[in-house]
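Here the structure is laid out as structure tokens; the discussion comes afterwards.
Residue numbers (the UniProt record's numbering): 1 to 264.
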């Protein structure tokens, strides 16, 4: 099976009368038990709904599982000092036994800029700051010397294996960022044909690299196995099934789809 199937951990809820934020341990364990490939956390300081801290969530998920991949989808890298982000990433790699995948993005404007202002970061500069952070992130995570300010070179210890990094976003600047800094590219809600066209554009810029996609899929209707095959043919390596309500049901359905796709 070449397309991995992942799910999003219950880190956020739009309905405070139906809290699910205490279910991280149970949901991570259950995702592994039913055979899913990965679990993911979203990342915001202040969002349009209550949201848990992504690094704590992923550390918790890693602590109660043995096999499953844990990942950021996506980390708002520019929201943090890059050295601090690198420390979190390398620590997660070490405590998870190298099961981390790092998605990086610049944030959804739908959540507004209040979280960025609270962190002291200029929302309008988040693209530039993300590029600057990505330029030094691999060295920092690996425990190599890196310049984090013009007058400051630092080395973090202990370093770790650098996790696979995918860069999210659909515009030309995001495509250039993925081509330059990413091992892969991520998007949300695109059809297989849209994914194929975007990857063609990105790989033309990627200096010989052949990036694949991680896709938070739209609701898959009709022949779901056929749709997964279309995503694979378009260059997708991971499909993340979006939440629809009860995470138990979502995970069961995702695991069933994975099984049917594997047996096709």
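Yeah, the Cβ is synthetic: ideal placement off N, Cα and C, and Gly gets one too.
Would you give the residue range spanned by the beta strand (DSSP E) that residue i belongs to?
i, result
"residue 152", "152-154"
"residue 76", "69-76"
"residue 171", "Looking at the DSSP string, residue 171 is not in any beta strand (DSSP E), and its letter there is neither H nor E."
"residue 106", "Per DSSP, residue 106 belongs to no beta strand (DSSP E) and is neither H nor E."
Using only alpha-carbon positions, find the residue among the options that is nearest to residue i.
i, options, result
"residue 189", "209, 198 and 219", "219"
"residue 44", "72, 124, 262 and 249", "72"
"residue 42", "49, 74 and 25", "74"
"residue 221", "196, 257 and 233", "257"
"residue 109", "165, 148 and 48", "48"
"residue 210", "198, 64 and 217", "198"
"residue 38", "260, 254, 81 and 80", "254"
"residue 238", "259, 212, 224 and 227", "212"
"residue 143", "66, 91 and 193", "91"
"residue 206", "184, 216 and 217", "184"
"residue 227", "193, 182, 204 and 242", "193"
Starting from residue i, trace the alpha helix (DSSP H) in both directions and tell me its first and last residue.
i, result
"residue 203", "192-204"
"residue 127", "126-142"
"residue 32", "24-33"
Can you round the beta-carbon distance between residue i and residue j to whole angstroms, since I take them to be within the 8 angstroms contact cut?
i, j, result
"residue 86", "residue 156", "6 angstroms"
"residue 154", "residue 141", "Actually they are not in contact, since the Cβ atoms of residue 154 and residue 141 sit about 12 angstroms apart, beyond 8 angstroms."
"residue 104", "residue 130", "7 angstroms"
"residue 196", "residue 171", "In fact, because the Cβ distance is near 18 angstroms, the residues do not count as touching under 8 angstroms."
"residue 241", "residue 215", "About 10 angstroms separates the two Cβ atoms, so there is no contact after all."
From the DSSP secondary-structure annotation, give me the bridge partner or partners of residue i.
i, result
"residue 265", "Only positions 1 to 264 of the chain appear in this structure, which leaves residue 265 out of reach."
"residue 147", "153"
"residue 101", "71"
Assign residue i to one of two classes, buried (16 or more other C-beta atoms within 10 Å of its C-beta) or exposed (fewer than that).
i, result
"residue 32", "buried"
"residue 88", "buried"
"residue 93", "buried"
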